[in-house]
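Note that the sequence shown covers residues 0 to 663 in numbering that gives the first Met the number 0. Data first, discussion second: the structure below is written as structure tokens.
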Amino acid sequence: MDTTKRLTTLLQMMLCLTGTAVAQTLEPNLKWGKPTDAELNMTSYAPDPEAEAVVLCNETQLRYELISGSLKLKRSTKKRIKVLKEEGKSQANGGISYMYNGHYVGQCENLVRLKATAYNKVDGKLVKTKMENSMVNHEDVDKKVRLTKYTVPQVTVGTVIEVEYEIESDFNYIDDWRAQCEIPVMYTSFDVIVPEYFTFNVDERGSYWLENKIETVNVKLSTGANKEALQCSGKHYKFIGHNLPALRDKKMLYAPASYGQQVSMELRAVQMPGHMTKLVSNSWVDVDKRLMEYEEFGLRIGKNPLKAEMQQAGVANIIDPKERIMAIYRLLKDRVKWNEKYTLNAESAGKVLKERSGSNASINFILINMLRDAGFEAYPAVMRSRDKGFLTVAHASINELNTFVVAVKVGGSFSFLDASIEDGWLDILPDLLLVDRARIVGKDYSDEWVDLTGLSESKTLSVVNAGLQPDGTLQADVQTKFTGSEAAYLKREFRTAPDSATFVSQLAQDLNCEIESLSLTGHHGLGMEVERNMHVTKQYGRAGDMIYLNPWVLSVLPENPLTEEQRILPVEFPHITTENLTTVLTLPDGYEVEGLPQPLVIRSEDGAMSCFIASALEGSTLSSRCQIHIGKTFFTPNEYPFVKNFLDEVYMRLQDVIVIKKVL
0 MDTTKRLTTL LQMMLCLTGT AVAQTLEPNL KWGKPTDAEL NMTSYAPDPE
50 AEAVVLCNET QLRYELISGS LKLKRSTKKR IKVLKEEGKS QANGGISYMY
100 NGHYVGQCEN LVRLKATAYN KVDGKLVKTK MENSMVNHED VDKKVRLTKY
150 TVPQVTVGTV IEVEYEIESD FNYIDDWRAQ CEIPVMYTSF DVIVPEYFTF
200 NVDERGSYWL ENKIETVNVK LSTGANKEAL QCSGKHYKFI GHNLPALRDK
250 KMLYAPASYG QQVSMELRAV QMPGHMTKLV SNSWVDVDKR LMEYEEFGLR
300 IGKNPLKAEM QQAGVANIID PKERIMAIYR LLKDRVKWNE KYTLNAESAG
350 KVLKERSGSN ASINFILINM LRDAGFEAYP AVMRSRDKGF LTVAHASINE
400 LNTFVVAVKV GGSFSFLDAS IEDGWLDILP DLLLVDRARI VGKDYSDEWV
450 DLTGLSESKT LSVVNAGLQP DGTLQADVQT KFTGSEAAYL KREFRTAPDS
500 ATFVSQLAQD LNCEIESLSL TGHHGLGMEV ERNMHVTKQY GRAGDMIYLN
550 PWVLSVLPEN PLTEEQRILP VEFPHITTEN LTTVLTLPDG YEVEGLPQPL
600 VIRSEDGAMS CFIASALEGS TLSSRCQIHI GKTFFTPNEY PFVKNFLDEV
650 YMRLQDVIVI KKVL
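Written out as structure tokens, the structure reads:
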């Protein structure tokens, strides 16, 4: 240990002299308001040379205090950040979210202190710039959540930023603490003292390791200015992390932050002096019942505000149940547009219809009332969207949820809709809402989860009939049928393109061919299928009497998005996918195939991933077939080697070149 300290001191002295830094040699500087020379001179972070910034130190401390006879929870946070690159200047902008008016009258959280400072070295001297009040603004996200945004001034490459704030809360629960963020963290700590009156379940999860210490201590609860204190026993929890990597956006993963190292403290019981023990922990059935009692949730279910419009449109005369449901949905969407916000709570139907716009929750409740008026069973199916991370079933809390979709019974089973759908159909939801855990609330309060990951299966079937000319020019008629999510994707691309010419140009670029003509069927409005017909040309390479041909014409897998050799995080596909491509190619007269690639057959043990690729020759006709199936959306880190190898193999085989040579 002594040797390590001596080496560390020596290296820090070298950094001060040379202006370069090796980040892991820095000892945590716990003196706030006093950045060290090593921190100021630091120019890179050796464990992650690409890092745009690094958290040098982040301390979070939670203490209970007696204020005006009530126990309040104070959360103090201090953070020091080093800006290393131009992109890291964005760390000057921050936001603090808190409950300023909770579900119960009188309970709230308040931001009682916020200050920030930028430290820069200018001509060898330390320049300190404090954040002014004008650089802080408050935004009410909804009736319960306030977001305080701030901007630290004079932040440039090389700046050390310090931010300190304190939140005073009437709530006894403790939010999850996350040790990692979007940039690397050199040192972080979570320090909590809990009086004996509260019982918590403490859980640590993640892929890294935190130092932790839990001990019984004497607790003094300050009562304010008179300096008196209430003494009791309690628990002291402290977690410390060193050199934690950044949680950057990973390809094929919706919420990397949810897999970072974190500590969860679930309040299980409260026993105040002279009172009976109160069990706080909820079951999910309790959560369901509370939701149905909320004015902005369950109490939104009631009268149909568009009853007259439904009667005028003759909705009741539509025989097919699914067509009738979608007719109701079309009618609603003609009246209101989604404002691109996913929420759990809803505004009143009157306000939404007046403004002709609303969140998915606000529009969904109107849809539920319309469906019920038409004789359907319809309920909210609450969830946590995929971009917010996985929902912890073991921790029953409304705070775990952020939105819902509409569950409507068709025949003997439920189908699903959401107000954010512009291009899909029944059971074709946006990828963000294809979660593995959703709850149908208000039906019978049974403790039951539904899995939506396999709901919006995507299917693509392409048939290419092509002819090859002696000069290497290929002409082909391409017919493709898109079903499910792929149909919705194509509709959205067409709908959002500036014009049809731009749409065709981008498609030609994606498919790496020239599109001579194109027609679409089913691409307007809602629907399950879209058919695309094209006539395309493509030029293949030629050398002497040989033509070098890739038989697929269409680009099925442009690249393998998984490039890491190892991965500690899962892989998520947007939806279940089946892709079929058949190419029938007529050779030019006087030419033959020199040789065909070996067939490729890959299948995972559980059958969740499979691929078949093969080519065959009959006379002058070359037939090639590719079938790829991805049968689930979530693959664990242990499955990553197979998933990466699968995509590597498929990608390489789809690059195969077949030699077509002239017969002498």
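From the three backbone atoms N, C-alpha and C, an ideal C-beta is built for every residue, glycine too.
Distance from the CA atom of LYS71 to the CA atom of PHE199, rounded to whole angstroms, is 16 Å.
The DSSP-derived three-state label of MET185 is strand.
With 16 or more other Cβ atoms from the protein chains shown falling within 10 Å of its own Cβ, SER358 counts as buried. In this structure TYR328 is buried. Its beta-carbon is surrounded by 16 or more other beta-carbon atoms within 10 angstroms. Counting along the chain, the unbroken beta strand (DSSP E) around VAL162 starts and ends at 159-168. In the assembly as shown, GLU295 is a buried residue. Its beta-carbon has 16 or more other beta-carbons within 10 Å.
Between the stretch 155-173 and the stretch 235-254, the count of Cβ pairs shorter than 8 Å is below three; the stretches do not touch. Cβ neighbours of ILE514 within its own chain (closer than 6 Å, five residues either side excluded): VAL503, ALA507, MET533 and VAL535. Sorting LYS332, THR76, ARG436 and VAL262 by C-alpha distance to the C-alpha of ARG385 places ARG436 at the top. Rounded to the nearest whole angstrom, the CA to CA distance from VAL583 to ASP426 is 34 Å.
For PRO640, the uninterrupted alpha helix (DSSP H) run begins and ends at 639-652, by DSSP. Per DSSP, reduced to three states, the secondary structure at TYR63 is strand. When DSSP states are grouped into helix, strand and coil, TRP176 belongs to the strand group.
With the rule of 3 Cβ pairs closer than 8 Å, the stretch 458-466 does not count as touching the stretch 490-497. Straight through space, the alpha carbons of THR147 and ARG112 are spaced by roughly 11 Å. GLN538 has its alpha-carbon roughly 54 Å from the corresponding atom of LEU370. LYS277 sits exposed, since fewer than 16 C-beta atoms from the chains shown fall within 10 Å of its C-beta. When the beta-carbon positions are compared, GLY483 and SER461 stay at least 7 Å from each other. Distances from the CA of ASP605 to each of THR620, ALA254, LEU220 and ILE629 were compared; the closest alpha carbon is that of ILE629.
The straight-line gap separating the alpha-carbon atoms of LYS250 and PHE572 is approximately 10 Å. For secondary structure counted as the beta strand (DSSP E) over 3 or more consecutive residues, the stretch 380-453 holds these complete runs in sequence order: 402-409, 412-416 and 437-439. Straight-line spacing of the CA atoms in GLY526 and LYS78 works out to 50 Å.
Comparing C-alpha distances from LEU432 to each of VAL440, ASP450 and LYS442 shows the shortest one belongs to ASP450. Our two residues, SER614 and HIS522, have alpha carbons roughly 32 Å apart in a direct line. Of the candidates MET130, GLN311, PRO320 and GLU64, the residue whose Cα lies closest to the Cα of ALA115 is MET130. Just measuring C-alpha positions, the residue of SER133, LEU548 and GLU308 sitting nearest ASP470 is LEU548.
As the crow flies, the alpha-carbon of GLN505 is around 33 Å from that of ALA50. ASP36: member of the alpha helix (DSSP H) spanning 36-40, first to last residue. Going by DSSP, LEU525 is part of no alpha helix (DSSP H) at all; its letter is neither H nor E.
Under the three-state reduction of DSSP, MET264 is assigned to strand. Taking 7 Å as the cut-off, the beta carbon of ALA52 is found closer than this to the beta carbon of ILE80. Around the beta-carbon of ILE365, 16 or more other beta-carbon atoms lie within 10 Å, marking it buried. ALA256 is not bridged by DSSP to any residue. When DSSP states are grouped into helix, strand and coil, TYR328 belongs to the helix group. Judged by their CB atoms, ALA395 and VAL286 are nearer to each other than the 7 Å cut-off. Residues of the same chain with a CB within less than 7 Å of the CB of MET291, apart from the 5 flanking positions on each side, are GLY297, VAL440 and GLY441 in chain order.
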